[in-house]
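Please read the structure below before turning to the comments.
2 protein chains.
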Amino acid sequence: MGDGGKKVRVLIRPREGILDAQGKAVERALPALGFDGVEQVRVGRLVELVADDPDRIDDLCQKLLANPLIEDYEIEILDD
Amino acid sequence: MGDGGKKVRVLIRPREGILDAQGKAVERALPALGFDGVEQVRVGRLVELVADDPDRIDDLCQKLLANPLIEDYEIEILDD
């Protein structure tokens, strides 16, 4: 890889309307731990990588990182 | 919950030096899919929630969202 590798962050979330079982599990655990005032919990995945060509990451998300049927994803190119 | 709920994002990553099995699996899958120039893949979790008191989210991470022995976490308070 050349010096041009860019750090890329991909945020993958359950799509709106898709059951988020992990998020629900967190919400149910909150009262017993004394956390009120926390809601709308959604649990997804975080993928970070270094890419020579960040323009290809959308394709990588479609093919490997996310399941577009049930997940949305957001790609952030990091400056550092 | 009052109107003061803030959107909070928690990024949870495998700690430096801890084996990241999912990241390695992604790296191994890349060549067959034609993606070269992608490396240093790390896979973690993304938790998003709405909290009345974002100052308590660090405690929530320690107790529920992350495993501090093997994971680092980063808390971002979102503006919107």
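Chains R and U, in that order, give the protein sequences.
Oh and the first sequence: position 29 is 470 in our numbering, straight run, nothing missing.
Oh and the second sequence: position 28 is 469 in our numbering, straight run, nothing missing.
Even glycine gets a Cβ: it sits at the ideal position worked out from N, Cα and C.
How would you call proline 472 (chain R), buried or exposed, if buried means at least 16 neighbouring beta carbons within 10 angstroms?
-> Stepping through the first sequence from its first residue, residue 472 (chain R) is reached at position 31. By the 16-neighbour rule on beta-carbons within 10 angstroms, proline 472 (chain R) is exposed.
Tell me whether isoleucine 498 (chain R) sits in a helix, a strand or coil according to DSSP, three-state version.
-> The residue given as residue 498 (chain R) occupies position 57 in the first sequence. In this structure, isoleucine 498 (chain R) counts as helix in the three-state DSSP scheme.
Is glutamine 481 (chain R) close to chain U, meaning its C-beta is less than 8 Å from at least one C-beta of that chain?
-> The count along the first sequence starts at 1 and reaches residue 481 (chain R) at position 40. Yes, because at least one Cβ of chain U sits closer than 8 Å to the Cβ of glutamine 481 (chain R).
Given 8 Å, three or more beta-carbon pairs between the segment 442-458 of chain U and the segment 484-498 of chain U = The segment 442-458 of chain U makes contact with the segment 484-498 of chain U: 3 or more CB pairs, one atom from each, lie closer than 8 Å.
Just checking my contact of glycine 478 (chain U) with aspartate 493 (chain R) at CB under 8 Å: how many whole Å lie between their CB atoms?
-> Translated into the one-based positions of the second sequence, residue 478 (chain U) becomes position 37. Translated into the one-based positions of the first sequence, residue 493 (chain R) becomes position 52. Cβ atoms of glycine 478 (chain U) and aspartate 493 (chain R) come within 8 Å of each other, at about 3 Å.
Going along chain R, which residues have a C-beta under 8 Å from aspartate 441 (chain U)?
-> Given that chain U is displayed from residue 442 to residue 521, the structure contains no residue 441 (chain U) and the question cannot be resolved.
Check each candidate in U:Leu506, U:Ala470, U:Glu517 and U:Phe476 and name the one with the smallest Cα separation from glutamate 468 (chain R).
-> Indexing the first sequence from 1 puts residue 468 (chain R) at position 27. Just measuring C-alpha positions, the residue of U:Leu506, U:Ala470, U:Glu517 and U:Phe476 sitting nearest glutamate 468 (chain R) is U:Leu506.
Please report the residue range of the alpha helix (DSSP H) in which lysine 504 (chain R) lies.
-> The residue given as residue 504 (chain R) occupies position 63 in the first sequence. Careful: lysine 504 (chain R) lies outside any alpha helix (DSSP H) and carries neither H nor E.
Go through its chain and collect everything with a Cβ distance to glutamate 515 (chain U)'s Cβ below 6 Å, but skip five positions before and after it.
-> Here residue 515 (chain U) corresponds to residue number 74 of the second sequence, with the count starting at 1. These residues qualify, in order along the chain: Leu452.
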